[in-house]
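Okay, so here's the structure we're looking at.
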Amino acid sequence: MAETRLIQGNEACALGAIAAGCRFFGGYPITPSSGIAEQMVRLLPGVGGVFIQMEDEIASLAAVIGASLGGSKAMTATSGPGFSLMQEHIGFAAMAEVPCVIVNVMRGGPSTGLPTSPSQGDVMQARWGTHGDHPAVVLAPSSVGEVHELTVRAFNLAERFRTPVILTYDEVVGHTRESVILPDRVDVVDRPRPDEDPGSFLPKRVTPDGVPPMAAFGDGYRFHVTGLAHDERGFPTQDNAVAGALLTRLHNKIDDHLDEVADVEEYMLDDADVVLFAYGIVGRSAHEAVRRARDRGVRAGLFRPRTLWPFPSGRLAEVTAGVDRVIVAEMNLGQMISEVAGAAAATTEVVGHLRADGKPITPSELLETVLAQGGDRP
Amino acid sequence: MTDVRKYLREWAMPHVLCPGCAHGIVLKSFLEAVDQLQLDQDKVAMVAGIGCSSRLAGYADLCTMHGTHGRAPAFATGLKLARPDLDVVVVSGDGDGLAIGGNHLIHAARRNIDITVLLLNNSIYGMTGGQVAPTTPQGAIASTSPGGNSEASFDPCRLLTGAGASFVARVLAATPIEMTKTIVEAMSHPGFAFIEIVGDCPEYFGRYNKAGGGAEMLNFIARQGESVAVPLTSKRFVNHVPAPEPRPGLRTGVLNREIRPVYSGVRGAVSDEA
Ligand code: SF4
Chain L
1 MAETRLIQGN EACALGAIAA GCRFFGGYPI TPSSGIAEQM VRLLPGVGGV
51 FIQMEDEIAS LAAVIGASLG GSKAMTATSG PGFSLMQEHI GFAAMAEVPC
101 VIVNVMRGGP STGLPTSPSQ GDVMQARWGT HGDHPAVVLA PSSVGEVHEL
151 TVRAFNLAER FRTPVILTYD EVVGHTRESV ILPDRVDVVD RPRPDEDPGS
201 FLPKRVTPDG VPPMAAFGDG YRFHVTGLAH DERGFPTQDN AVAGALLTRL
251 HNKIDDHLDE VADVEEYMLD DADVVLFAYG IVGRSAHEAV RRARDRGVRA
301 GLFRPRTLWP FPSGRLAEVT AGVDRVIVAE MNLGQMISEV AGAAAATTEV
351 VGHLRADGKP ITPSELLETV LAQGGDRP
Chain C
1001 MTDVRKYLRE WAMPHVLCPG CAHGIVLKSF LEAVDQLQLD QDKVAMVAGI
1051 GCSSRLAGYA DLCTMHGTHG RAPAFATGLK LARPDLDVVV VSGDGDGLAI
1101 GGNHLIHAAR RNIDITVLLL NNSIYGMTGG QVAPTTPQGA IASTSPGGNS
1151 EASFDPCRLL TGAGASFVAR VLAATPIEMT KTIVEAMSHP GFAFIEIVGD
1201 CPEYFGRYNK AGGGAEMLNF IARQGESVAV PLTSKRFVNH VPAPEPRPGL
1251 RTGVLNREIR PVYSGVRGAV SDEA
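Read top to bottom, the protein sequences are chains L and C.
For the first sequence, our numbering gives the first residue as 1, with consecutive numbering after it.
For the second sequence, our numbering gives the first residue as 1001, with consecutive numbering after it.
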């Protein structure tokens, strides 16, 4: 029987993680994400998992990566300043191809900023925060129920592609209590395992789909893991051709499977003249604004990526062909808007509804913008 | 002496270390210890940070990880908690373990995680070209202390004892048989075991301080050593280094050993005991 519960977003995240098979959590206290750790410490022991509070966020993600190398599905959760500290190991996990989930409950920044106010100021950091070229998979739920669903999906994508996956939502989603129906069971994906004998195992073997099978330490396969550029044996190399091919494969393993990663909610787009582009909590305000605009006869629609990165450029180009205006609504001073401008049709005007004062964007203020931008074409 | 080649990835040779560097001696002593303990190679993990010492992990035919600078104790903590069946050994250097990674090292010690840390102390940053380290003696020359180091240096063993490491030892790279024996004891110890291995970096420390090549440096270090078991007299601190502060009491042997509860994370059926 599916269960109905009144829970917070952070609680839904922890429950989703357990359902997805997470058996290790390493974290460090920080508002507004601490609720996730406080749930995980209670949930993990009951399912044979392990919890540890580390000395900082750098160590938290390091411990998560160590546990994942040992074969556990593993997660950490943080906010703002802690997310900055985790960038080092997001890069390591991308390079060494260690599946893990990093939750960033966004708060106002920069620096210590506004610890208990919502923000969407980290969405570019989620894409580009660690140094070097690297793939990024970033999911953005907009409700408590979606936090549960996308936490499971984050683990599944991490395991499927051997990559770090970032789940990011803001303080409002994290702390809001909603009644949700939790599924009895969820589909769970496990990392590809090698079937060759240990003697011929290559930890970074180039496979047709770009994802090398992954052995756990201690399971009879001995291999080397490094953040240096490396060859199929996992051993450091200075060979430019090998290093270049590795980086290309790390990108292609995601880009060649965009159909598995992409995830967009589209609402009333078929005949829309004006399209709201919004994600996370703002997506909900935008949904309501579109509904009210339609009541007033304005042909508005919503494009809400639930996977923020890789950015759904192709789909956005398709749906904006013939659209007069796209309004990008985000709780920052303009981050995804540049991606939208790059992807939207040349004849489409892209404008921002931006807010970075620690207050959520409301349906009413968005409706005003929609009416101002698109109201002349009933 | 065992033939340790079965524990080496010979295909990964030649190695990156300089002639005369003590790190090779440490790898051999460690593999001897693995052999003496009759450990299953599939069940031994070697977790390293970044630096010359950390490159050793790549050559050992074990489960090996070359992580990020200073973070090896944190990676090792996660691995050990997820896989208590593994013997987890951290190999780190003095810059890696005591500067950028100092925080991770002291917290792993405080928790008494059941891992062994080999800290290869050569008093300088080798891989990046001979910069001053938190262990560089006062007065010694490094590329970022051309006039002689004016900072005080850490005593790693006192630091780790203070942090709660339940096994603390110092050995000299010049005494490999003693080193193997100490590594065997450390790996057999339940809880966090720390060994400072005092070695050389002829390429930088040796050259900058006119301390000679590998053999001269190891001899010099050997003369500094004062075993806690058999104290030597008067031979310490032969002054090859231009006016360094003498390193007070380079005492070798097991300096601290206690049995206290091993931490393995919050686990088990009852969660509120945490
Ligand atoms: S630079 Fe120094 S520490 Fe590094 S390998 Fe050479 S001698 Fe050894």
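C-beta: ideal position from N, C-alpha, C; glycine also.
May I have the straight-line CA-CA distance separating Lys1043 (chain C) from Cys1063 (chain C), to the nearest angstrom? 7 Å
Is there at least one non-hydrogen atom of the ligand SF4 closer than 7 Å to the beta-carbon of Glu1258 (chain C)? no
Please name the residues in the region 50-72 of chain L whose beta-carbon is closer than 9 Å to at least one beta-carbon of chain C, in chain order. Val50, Phe51, Ile52, Gln53, Met54, Glu55, Asp56, Ile58, Ala59, Ser60, Leu61, Ala62, Ala63, Val64, Ile65, Gly66, Ala67, Ser68, Leu69, Gly70, Gly71 and Ser72
With 16 other Cβ atoms within 10 Å as the buried cut-off, status of Ala1033 (chain C): buried
Once the 5 residues before and after Gly26 (chain L) are set aside, which same chain residues still bring their CB inside 6 Å of it? Ile52, Met54, Ser60, Ala63, Val64 and Thr76
Report the partner residues of Trp309 (chain L) according to the DSSP bridge assignment. L:Val138
DSSP beta-bridge partners for Phe1167 (chain C)? Per DSSP, C:Ala1193 and C:Arg1257.
Can you give me the Cβ contacts of Ala216 (chain L) inside the same chain, cut-off strictly under 8 Å, excluding the 5 residues immediately before and after it? Leu69, Gly70 and Gly71
Return the CA-CA distance between Ala356 (chain L) and Ala1048 (chain C), expressed in angstroms with no decimal places. 42 Å
If we count the other Cβ atoms within 10 Å of its Cβ and call it buried at 16 or more, is Ala1215 (chain C) buried or exposed? Exposed is the call here.
Alpha carbon to alpha carbon, how far is Gly1070 (chain C) from Ala343 (chain L)? 41 Å
Is the beta carbon of Phe328 (chain L) sitting closer than 8 Å to the one on Thr320 (chain L)? The identity of residue 328 (chain L) in the sequence shown is Val, whereas the question assumes Phe. No, Cβ-Cβ distance for Val328 (chain L) and Thr320 (chain L) is not below 8 Å.
Is the CB-CB distance between Leu1017 (chain C) and Ala1060 (chain C) below 8 Å? no
Under 7 Å from any heavy atom of the ligand SF4, does the C-beta of Met1127 (chain C) make it? yes
For my contact list, Thr1161 (chain C) and Asn1256 (chain C) are in at a C-beta cut-off of 8 Å; report their separation, rounded to the angstrom. 5 Å
Beta-carbon neighbours of Asp1061 (chain C), restricted to chain L and to distances below 9 Å: Arg222
Contact check, Asp1114 (chain C) vs Val1262 (chain C), beta carbons under 8 Å: For Asp1114 (chain C) and Val1262 (chain C), yes; Cβs fall inside 8 Å.
So if DSSP puts Lys1210 (chain C) in a beta bridge, which residue, or which two residues, is it bridged to? DSSP output for Lys1210 (chain C) lists no bridge partner at all.
For Val211 (chain L) versus Val1266 (chain C), is the C-beta spacing smaller than 8 Å? no
Cβ shell of Pro1244 (chain C) (< 7 Å), same chain only, five flanking positions each side left out: With a pLDDT of 36 at Pro1244 (chain C), under the threshold of 50, the predicted position of this residue should be treated as unreliable, though the coordinate-derived value follows. Contacts found: Pro1137, Gln1138, Gly1139 and Ala1140.
Under 8 Å between C-beta atoms of Gly1093 (chain C) and Ser1029 (chain C): no
Anticipated Cβ contact below 8 Å, Ala12 (chain L) with Asn156 (chain L), distance rounded: Rounded, the Cβ-Cβ distance is 16 Å, inconsistent with contact.
Straight-line Cα distance separating Glu1203 (chain C) from Pro1176 (chain C): The straight-line gap from Cα to Cα measures roughly 21 Å.
Going along the chain, which unbroken runs of the alpha helix (DSSP H) with 4 or more residues stay wholly within the region 217-276 of chain L? 240-255 and 258-261
Check whether the Cβ atoms of Val165 (chain L) and Leu139 (chain L) sit closer than 8 Å, and answer yes or no. yes
On the CB-based measure, 16 or more other CB atoms within 10 Å of its CB, does Gly199 (chain L) come out buried or exposed? exposed
In terms of residues, what are the limits of the alpha helix (DSSP H) holding Ser60 (chain L)? Glu57 to Leu69
Using a Cβ-Cβ distance under 8 Å, would Thr226 (chain L) count as near chain C? Yes, its Cβ sits closer than 8 Å to a Cβ of chain C.
Is the Cβ-Cβ distance between Ser1187 (chain C) and Thr1116 (chain C) less than 8 Å? Checking the sequence shown, residue 1187 (chain C) turns out to be Met, not Ser. The answer is yes: Cβ separation under 8 Å.
For a test of your reading of the model: does the CB of Glu1203 (chain C) fall under 7 Å from any non-hydrogen atom of the ligand SF4? Yes or no. yes
Leaving out five residues on either side along the sequence, give the residues of the same chain with a beta carbon under 6 Å from the beta carbon of Ala37 (chain L). These residues qualify, in order along the chain: Gly27.
Which of helix, strand or coil does DSSP assign to Leu1037 (chain C)? coil
With Val172 (chain L) as the anchor, note down where its alpha helix (DSSP H) starts and where it stops. For Val172 (chain L), the uninterrupted alpha helix (DSSP H) segment begins and ends at Glu171 to His175.
Is the CB of Asp1200 (chain C) under 8 Å away from at least one CB in chain L? no
Strictly below 8 Å CB to CB, what residues from chain C border Phe155 (chain L)? Going along chain C, no residue has its Cβ under 8 Å from Phe155 (chain L), so there is no contact; the nearest lies around 15 Å.
Kindly indicate if chain L contains any beta-carbon less than 8 Å away from that of Ala1076 (chain C). yes
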